[in-house]
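Engineer: Got a structure for you, written out below as structure tokens; questions coming shortly.
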Amino acid sequence: MQGSNRALIVGGGTMGFGVAVVLLAGGWRVDVVSPTAATRESLPKRVMQAMQRLNKPFDAAALAVHADYARLPWNEIALVVENVREDLALKQSVFAELERLSAPQTILSSNSSSFPISEIGKGLKTQARMMGLHFFMPAYLVPLVEVIRGEATDAALAEKVGDWMWALGKRPVQVKRDIPGFLGNRMQHALIREALNLLQSGVASAEDIDAAIRYSFGFRLAAAGPLLQREHAGWDMSFAVAQSLYPDLSNMQTPPPVIEDMVKQGRFGMKSGQGLMAWDADSIAEEKARYEQALQTVLQVFEREGLDGRPKPEGS
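Following this line, the structure appears as structure tokens:
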């Protein structure tokens, strides 16, 4: 079923590359547009290496890399996934061009992690076919994909894209209100905000804060989401804890000095060699390999168990 589908990925960086791997692994033909020569040159090798790690065959003929839109087979493209940097004006200009060039039946989507989809699509004449399609890094390992409906998005098209994601082995969720951060990033940043608050307040070290999350409720999250966990524990207990704890949780409206100072000093983490921790080429390679292997192990558990919420086959 997937073999006849073709997708265009706009942007070949970390996210665009990951989405390309997802689609290629599912049998789609993929075109990637990147204006950066180094990205275009490295992309096929990066894709091949990721496919090897997934134990998937790589058909080089299914991947085409372009510098611009000039030679794209627009009538064959079923789905566009935009992955340019988080700049609203840039994204709006990209979609204006995509709307002008694409076939009327092509679904246009943005992999934005923060901007409301309706804002990105503002001014488009065909907003019904435009939606968010938000993957999480690394896209070819993390199962979740958010399908976000803008104010004018055709719900049937959003469901169709969700069906495509199921067929690709992902776990789509339908985000029916176009709110900042959607689902995953809102919850992720609520957690990060409290973690930074604890660090800023000197309650614990960065290493111990990470350990407290990873080896307690973070460990359980691979088995059940927070709401299902409350079903296990009991909502009466959760209610009682919330009454005493919620007033003391961080509600800061701006990032705390601990992160603001790091950014001002150029301490961005691995990409600059220093964040909360010091990094060099060897430690970065070692940590990335460990991280990806750990994710693959968890993914294998999910695959054995089956992704919850998968639609049942007709007639079952």
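For the sequence shown, this note's numbering gives the first residue as 1088, with consecutive numbering after it.
For each residue, glycine too, the CB sits at the ideal point set by N, CA and C.
Residue ranges of each beta strand (DSSP E) run of no fewer than 3 residues wholly in the region 1163 to 1214, ordered along the chain?
Structural biologist: 1166 to 1169, 1194 to 1197
Engineer: Any contact between the region 1206 to 1215 and the region 1234 to 1246? By contact I mean 3 or more CB pairs, one from each, below 8 Å.
Structural biologist: yes
Engineer: Among residues of its own chain, excluding the 5 on either side of Arg-1133, which ones have a beta-carbon nearer than 6 Å to its beta-carbon?
Structural biologist: Counting from 1 along the sequence shown, the entry for residue 1133 is found at position 46. Phe-1104, listed in sequence order.
Engineer: Does the Cβ of Tyr-1333 have 16 or more other Cβ atoms within 10 Å, making it buried, or fewer, making it exposed?
Structural biologist: As a working mapping, residue 1333 is identified with position 246 in the sequence shown. Classification for Tyr-1333: exposed.
Engineer: Using DSSP with H/G/I as helix, E/B as strand and the rest coil, what is Leu-1363?
Structural biologist: Working through the sequence shown from its first residue, we reach residue 1363 at position 276. Correct three-state label for Leu-1363: coil.
Engineer: So what's Asp-1335 in DSSP terms, helix, strand or just coil?
Structural biologist: Along the sequence shown, one-based indexing puts residue 1335 at 248. Helix at Asp-1335.
Engineer: Assign Gln-1089 to one of three DSSP states: helix, strand, or coil.
Structural biologist: Residue 1089 sits at position 2 when you count from the first residue of the sequence shown. Note that Gln-1089 has pLDDT 41, beneath the 50 cutoff, so the model's placement of it is unreliable and no number is given.
Engineer: Are the CB atoms of Ser-1331 and Asn-1284 within a distance shorter than 7 Å?
Structural biologist: Start at 1 with the first residue of the sequence shown, and residue 1284 comes out as number 197. Start at 1 with the first residue of the sequence shown, and residue 1331 comes out as number 244. Contact: no.
Engineer: By Cβ distance, which residues of its chain are closer than 6 Å to Asn-1092, with the 5 residues on each side in sequence left out?
Structural biologist: Taking the sequence shown and counting its residues from 1, the one referred to as residue 1092 is at position 5. Taken in chain order, the residues that qualify are Trp-1115, Ala-1165.
Engineer: Whole angstroms is fine: what's the gap from Ala-1149's alpha carbon to Asp-1348's?
Structural biologist: If you number the sequence shown from 1, residue 1149 lands on position 62. If you number the sequence shown from 1, residue 1348 lands on position 261. Going from the Cα of Ala-1149 to the Cα of Asp-1348 covers about 45 Å.
Engineer: In this structure, how does DSSP classify Pro-1057 when only helix, strand and coil are distinguished?
Structural biologist: The structure shown does not extend to residue 1057, since the chain spans only 1088 to 1403, so no value can be given for it.
Engineer: Check each candidate in Arg-1264, Ala-1242, Val-1385 and name the one with the smallest Cα separation from Leu-1308.
Structural biologist: On the sequence shown, residue 1308 is found 221 positions in, with the first residue counted as 1. When only C-alpha atoms are compared, the closest one is Val-1385.
Engineer: Can you list, in chain order, the residues of its chain with a C-beta nearer than 8 Å to that of Leu-1177? Leave out the 5 residues immediately preceding and following it.
Structural biologist: Position 90 of the sequence shown, counted from the start, is the residue given in the question as residue 1177. If we look at Leu-1177 and ignore the five residues flanking it on each side, its Cβ neighbours are Val-1171.
Engineer: Do the CB positions of Gln-1287 and Val-1345 come within less than 7 Å of each other?
Structural biologist: Looking up residue 1287 in the sequence shown gives position 200. Looking up residue 1345 in the sequence shown gives position 258. Yes; because the gap between Cβ atoms is below 7 Å, this pair is in contact.
Engineer: Can at least three beta-carbon pairs, one atom from the region 1224 to 1233 and one from the region 1293 to 1304, be found at a separation below 8 Å?
Structural biologist: Taking 8 Å as the limit for Cβ pairs, the verdict is that the region 1293 to 1304 does not touch the region 1224 to 1233.
Engineer: Taking the alpha-carbon positions, what's the Ala-1299 to Leu-1188 distance?
Structural biologist: The sequence position of residue 1299 within the sequence shown is 212, counting from 1. The sequence position of residue 1188 within the sequence shown is 101, counting from 1. So the two alpha carbons sit approximately 50 Å from each other.
Engineer: Let me confirm a value: Lys-1212 is counted as buried when at least 16 other C-beta atoms fall within 10 Å, else exposed. Which label applies?
Structural biologist: For the purposes of this step, residue 1212 is identified with residue 125 of the sequence shown, where counting begins at 1. The residue is exposed, with fewer than 16 neighbouring Cβ atoms inside 10 Å.
Engineer: According to DSSP, which residues form a beta bridge with Met-1138?
Structural biologist: Within the sequence shown, numbered from 1, the residue matching residue 1138 stands at position 51. Bridge partners of Met-1138: none, in fact.
Engineer: Based on Cα-Cα distance, which residue from Ala-1154, Gln-1136, Phe-1223 lies nearest to Ala-1125?
Structural biologist: Here residue 1125 corresponds to residue number 38 of the sequence shown, with the count starting at 1. Selected option, being the one with the closest Cα: Ala-1154.
Engineer: On a Cα-Cα basis, can you pick out the residue from Gly-1305, Gln-1179, Ala-1226, Ser-1200 that is closest to Gln-1214?
Structural biologist: If you number the sequence shown from 1, residue 1214 lands on position 127. It is Gln-1179.
Engineer: Flag this pair as yes or no: are the beta carbons of Met-1224 and Ser-1196 separated by less than 7 Å?
Structural biologist: Here residue 1224 corresponds to residue number 137 of the sequence shown, with the count starting at 1. Here residue 1196 corresponds to residue number 109 of the sequence shown, with the count starting at 1. Not a contact, by the Cβ cut-off of 7 Å.
Engineer: Quick one, which of Ala-1094, Val-1108, His-1221, Gln-1136 has its alpha-carbon nearest Pro-1267's?
Structural biologist: The residue you call residue 1267 lines up with position 180 of the sequence shown. Selected option, being the one with the closest Cα: His-1221.
Engineer: Run through DSSP, which three-state label would Ile-1371 get?
Structural biologist: Residue 1371 sits at position 284 when you count from the first residue of the sequence shown. Three-state result, Ile-1371: helix.
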